[in-house]
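Residue 173 in full-length UniProt numbering sits at position 173 of the sequence shown, and the numbers go up by one each step.
Here a beta-carbon is modelled for each residue, glycine too, at the ideal position from N, C-alpha and C.
Here is the structure we will look at, set down as structure tokens.
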Amino acid sequence: MSQQQNSFPMGSLVGDPLPGAPELAARGQAAVGVRTIELAFPGRLQIPAGKRDGRFVPGERKLKAEVWYPAVLTGNEEPAAYTDHAGRKDLGNLTPFILNGRAFRDARPDPEAGARPVVVISHGYPGSRFLLCNLAENLSSKGYVVFSIGHADNTYEDFAETRSMESALVHRSADQRLVISEFPRLNREGFLKGLLQPDNVGLIGFSMGGYGALRTIGARIGRTVKENFGEIADVVDEEGEWHGLKAVRAAALFAPATFFTDPDRTDDIDIPTIWFCGTADHVVQYEKVHDYWRGAAKSARVFVSYEGCGHNVANNPAPPEAYSMPWELFKRWSDPVWDTRRLNDANIHFVTAFFDLVLRGEDGRRAYLAPAEADTPIPGFTEGTTAGIRLESMGF
1 MSQQQNSFPM
11 GSLVGDPLPG
21 APELAARGQA
31 AVGVRTIELA
41 FPGRLQIPAG
51 KRDGRFVPGE
61 RKLKAEVWYP
71 AVLTGNEEPA
81 AYTDHAGRKD
91 LGNLTPFILN
101 GRAFRDARPD
111 PEAGARPVVV
121 ISHGYPGSRF
131 LLCNLAENLS
141 SKGYVVFSIG
151 HADNTYEDFA
161 ETRSMESALV
171 HRSADQRLVI
181 SEFPRLNREG
191 FLKGLLQPDN
201 VGLIGFSMGG
211 YGALRTIGAR
221 IGRTVKENFG
231 EIADVVDEEG
241 EWHGLKAVRA
251 AALFAPATFF
261 TDPDRTDDID
271 IPTIWFCGTA
281 DHVVQYEKVH
291 DYWRGAAKSA
301 RVFVSYEGCG
311 HNVANNPAPP
321 EAYSMPWELF
331 KRWSDPVWDT
341 RRLNDANIHF
351 VTAFFDLVLR
361 GEDGRRAYLA
371 PAEADTPIPG
381 FTEGTTAGIR
391 LESMGF
């Protein structure tokens with residue numbers, strides 16, 4: 001183990017398990033590299049610019065993505081230091097801070113690693129490609145290649161002053177699909193050559209990222225969008241044949257914004273899914289999310305409820321800089337009831353079991369997704385640590 005790997009005590013960084021964490025929250029053994037890439041897609045509608053002569057103008061859409069991958073370490077690599085932000089650029093209070101990680105910046109890819117399942121992460125509204133790096137780093141240490149997308153017009157650094165929500169509604173699923181469409185090329189050339197399984201993808205979406213993920217796996221746009229966002233009604237119309245992206249084999253949905261989709265048209269959601277939501281989530285409304293989960297009858301599906309938790313079920317814990325900030329900024333990483341790091345531990349445990357089962361075929365992981373009998377711990381959890389967690393399963 002290199003000196004850099006020892007430089008931060010275990011438990012001190014996001015993605016590290018706390019004492020008493022569930023079994024699968026522990027980091028894996030794989031060495032991890034991380035790089036930032038930029039992908040450009042021509043012909044994408046420039047929604048924040050508005051219409052010209054009654055139409056949105058197409059142009060190039062650039063997306064940054066953070067990529068975690070299997071690496072070979074020499075002992076000279078530098079640990080990753082991610083620059084994320086509090087506040088927002090459009091509000092004039094954008095404040096950078098450093099988030100230290102256990103991956104190694106620009107480390108040499110491991111040519112012997114072989115092709116790995118790929119996980120794609122899509123952040124909330126607004127958000128950043130680092131907002132869920134607790135999941136990204138942990139999963140990558142277990143042998144997954146992880147892409148986390150920074151959705152243009154919706155990040156803290158570039159939040160659009162006008163039509164930011166319209167941009168999210170139009171582009172979230174499209175961004176996910178476009179990035180995934182690049183996987184065959186990225187697997188043929190460059191630093192990821194031979195490391196990807198382009199047709200074996202797991203998708204993680206939080207909030208508006210969850211809305212996008214639902215549409216990517218086959219959900220239909222809801223009437224609410226056309227009624228309340230009339231300016232984009234003509235560009236969110238779906239073709240008669242709208243199906244989930246075949247490369248995506250599994251999806252983890254954290255507090256997804258289901259109200260932008262049609263709950264009565266879920267037949268195309270036919271891949272395994274795992275859902276997470278706090279019972280006190282008044283942003284996406286817990287009951288609506290749970291009802292949608294119940295109605296997605298063609299999906300083998302799991303639902304994890306966190307009693308009393310609000311909307312921020314997936315985000316990293318607050319950085320030290322946030323503790324001197326007002327609640328309106330601090331709450332991005334916090335919940336009034338739940339310890340964010342405990343949430344992270346539970347999420348990582350369940351997502352690891354789910355992706356290992358579906359993307360790798362490790363049938364022994366199925367037991368971790370089975371609801372426990374009354375008065376018995378949820379499988380994989382230490383006795384006394386499951387208060388407030390309810391696990392439901394349909395079709396598993």
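Which whole-angstrom value describes the C-beta separation of residue 290 and residue 303, a residue pair presumed to lie in contact below a C-beta threshold of 8 Å?
Reading the sequence shown from its first residue, position 290 is the one you call residue 290. Reading the sequence shown from its first residue, position 303 is the one you call residue 303. The Cβ separation is near 7 Å, so the contact holds.
Which residue comes first and which comes last in the beta strand (DSSP E) that contains residue 38?
One-based indexing of the sequence shown puts residue 38 at position 38. 32 to 45 is the span of the beta strand (DSSP E), which, as asked, contains residue 38.
Starting from residue 175, follow the beta strand (DSSP E) in both directions and report where the run begins and ends.
Looking up residue 175 in the sequence shown gives position 175. Here residue 175 belongs to no beta strand (DSSP E); instead the alpha helix (DSSP H) covers 164 to 181.
Can you check whether the CB of residue 104 is closer than 8 Å to the CB of residue 32?
For the purposes of this step, residue 32 is taken as the residue at position 32 of the sequence shown. For the purposes of this step, residue 104 is taken as the residue at position 104 of the sequence shown. A contact, by the Cβ cut-off of 8 Å.
Should residue 164 be labelled buried (16 or more other beta-carbon atoms within 10 Å of its own) or exposed?
The residue labelled residue 164 in the question sits at position 164 within the sequence shown. Residue 164 is buried by the Cβ-count criterion.
Rounded to a whole number of angstroms, what is the C-alpha to C-alpha distance between residue 35 and residue 181?
Indexing the sequence shown from 1 puts residue 35 at position 35. Indexing the sequence shown from 1 puts residue 181 at position 181. Distance between the alpha carbons of residue 35 and residue 181 is about 19 Å.
Is it right to say residue 397 is buried, meaning 16 or more other beta carbons lie within 10 angstroms of its own, or is it exposed?
Within the shown structure, residues of the chain are numbered from 1 to 396, placing residue 397 beyond reach of any answer.
Three-state secondary structure (DSSP) at residue 110?
For this step, residue 110 is matched to residue 110 along the sequence shown. In this structure, residue 110 counts as coil in the three-state DSSP scheme.
Identify which residue in 68, 90, 200, 197 has its Cα closest to the Cα of residue 148.
Looking up residue 148 in the sequence shown gives position 148. Nearest C-alpha to residue 148: 68.
What's the gap between the Cα of residue 9 and the Cα of residue 90?
Counting from 1 along the sequence shown, the entry for residue 9 is found at position 9. Counting from 1 along the sequence shown, the entry for residue 90 is found at position 90. Cα-Cα distance, rounded: 37 Å.
Taking a contact to mean a Cβ-Cβ separation below 8 Å, would you say residue 204 touches residue 135 in this structure?
Here the question's residue 204 lines up with position 204 in the sequence shown. Here the question's residue 135 lines up with position 135 in the sequence shown. Result yes, Cβ atoms of residue 204 and residue 135 sit closer than 8 Å.
Put residue 245 into one of helix, strand or coil per three-state DSSP.
Taking the sequence shown and counting its residues from 1, one reaches residue 245 at position 245. Correct three-state label for residue 245: coil.
Buried or exposed: which applies to residue 7, given that a residue is buried once 16 or more other Cβ atoms fall within 10 Å of its Cβ?
Position 7 of the sequence shown, counted from the first residue, corresponds to residue 7. Its Cβ having fewer than 16 others within 10 Å, residue 7 is exposed.
At which residues does the alpha helix (DSSP H) containing residue 10 begin and terminate?
Walking along the sequence shown from the start, residue 10 turns up at place 10. From DSSP, residue 10 is part of no alpha helix (DSSP H); its letter is neither H nor E.
Alpha carbon to alpha carbon, how far is residue 202 from residue 121?
In the sequence shown, residue 202 corresponds to position 202, counting from 1. In the sequence shown, residue 121 corresponds to position 121, counting from 1. Their backbone Cα atoms lie some 9 Å apart in a straight line.
Which same chain residues end up closer than 7 Å to residue 292 when comparing Cβ atoms and leaving out the 5 residues on each side of it in sequence?
Residue 292 sits at position 292 when you count from the first residue of the sequence shown. Excluding positions up to five away in sequence, the list reads 258, 263.
Nearest to residue 386 by CA position, among 43, 63, 140, 374, is which residue?
The residue given as residue 386 occupies position 386 in the sequence shown. Residue 374 is the option with its Cα nearest to residue 386.
Could you tell me which residues DSSP puts in a beta bridge with residue 302?
As a working note, residue 302 is residue 302 in the sequence shown. Paired residues: 274, 393.
Could you say which of 112, 166, 92, 145 lies nearest to residue 157 if we only look at CA atoms?
As a working note, residue 157 is residue 157 in the sequence shown. Taking only the C-alpha atoms, the option nearest residue 157 is 92.
May I ask which residues mark the beginning and end of the beta strand (DSSP E) holding residue 62?
Here residue 62 is taken as the residue at index 62 of the sequence shown, counted from 1. Per DSSP, residue 62 belongs to the beta strand (DSSP E) from 58 to 72.
Quick one, are the C-beta atoms of residue 365 and residue 346 less than 8 Å apart?
Locating residue 365 in the sequence shown gives position 365, where the first residue counts as 1. Locating residue 346 in the sequence shown gives position 346, where the first residue counts as 1. The answer is no: Cβ separation not under 8 Å.
Do residue 251 and residue 273 count as a contact pair if the criterion is CB distance below 8 Å?
Start at 1 with the first residue of the sequence shown, and residue 273 comes out as number 273. Start at 1 with the first residue of the sequence shown, and residue 251 comes out as number 251. A contact, by the Cβ cut-off of 8 Å.
Within the same chain, show all residues whose beta-carbon is closer than 8 Å to that of residue 3, passing over the 5 residues directly before and after it, in chain order.
By 1-based counting over the sequence shown, the position of residue 3 is 3. With a pLDDT of 34 at residue 3, under the threshold of 50, the modelled position of that residue is not reliable, and the figure given next carries that caveat. Same-chain partners within the cutoff: 75.
Measure from the alpha carbon of residue 41 to the alpha carbon of each residue in 229, 177, 143, 395, then state which is nearest.
To locate residue 41, count along the sequence shown from 1; it is residue 41. That would be 177, whose Cα lies nearest to the Cα of residue 41.
Between residue 1 and residue 146, what straight-line distance do the alpha-carbon atoms span, to the nearest angstrom?
What you label residue 1 is simply residue 1 of the sequence shown in a count that begins at 1. What you label residue 146 is simply residue 146 of the sequence shown in a count that begins at 1. Confidence at residue 1 is low in this model, with a pLDDT of 38, below 50, so its placement is unreliable and no value can be given for it.
So the beta strand (DSSP E) residue 200 belongs to, where does it begin and stop?
The sequence position of residue 200 within the sequence shown is 200, counting from 1. Residue 200 -> beta strand (DSSP E) spans 196 to 206.
Kindly confirm or deny that the region 335 to 344 and the region 121 to 131 touch, where touching means at least three C-beta pairs closer than 8 Å.
They do not touch, by the three-pair rule.
What is the DSSP secondary structure of residue 105, reduced to helix, strand or coil?
Numbered from its first residue, the sequence shown carries residue 105 at position 105. Note: residue 105 maps to strand in three-state DSSP.
With DSSP as the reference, label residue 226 as helix, strand or coil.
Along the sequence shown, one-based indexing puts residue 226 at 226. It is helical.
Assuming residue 85 is part of the beta strand (DSSP E), what are its boundary residues?
The residue you call residue 85 lines up with position 85 of the sequence shown. Its beta strand (DSSP E) spans residues 79 to 86.
Quick one: what does DSSP say residue 359 is sitting in, helix, strand or coil?
Working through the sequence shown from its first residue, we reach residue 359 at position 359. Residue 359 falls in the helix class under three-state DSSP.
So, at 8 Å on beta carbons, what are the nonlocal neighbours of residue 393 in its own chain, with the 5 sequence-adjacent residues on each side left out?
As a first step, residue 393 must be located in the sequence shown, where it is residue number 393. Taken in chain order, the residues that qualify are 301, 302, 303, 369, 370, 371.
So is residue 275 buried or exposed if we call it buried at 16+ other beta carbons inside 10 Å?
Here the question's residue 275 lines up with position 275 in the sequence shown. Its Cβ being crowded by 16 or more others within 10 Å, residue 275 is buried.
Could you tell me which of 63, 46, 65, 174 sits nearest to residue 56, measuring between CA atoms?
Position 56 of the sequence shown, counted from the start, is the residue given in the question as residue 56. Per the Cα distances, 46.
Pick from 335, 330, 356, 109: whose alpha carbon is nearest that of residue 87?
Locating residue 87 in the sequence shown gives position 87, counting from the first residue. Comparing Cα positions, the closest option is 330.
Over what stretch of residues does the beta strand (DSSP E) that includes residue 159 continue unbroken?
Working through the sequence shown from its first residue, we reach residue 159 at position 159. It is not in any beta strand (DSSP E) - residue 159 carries neither H nor E in the DSSP assignment.
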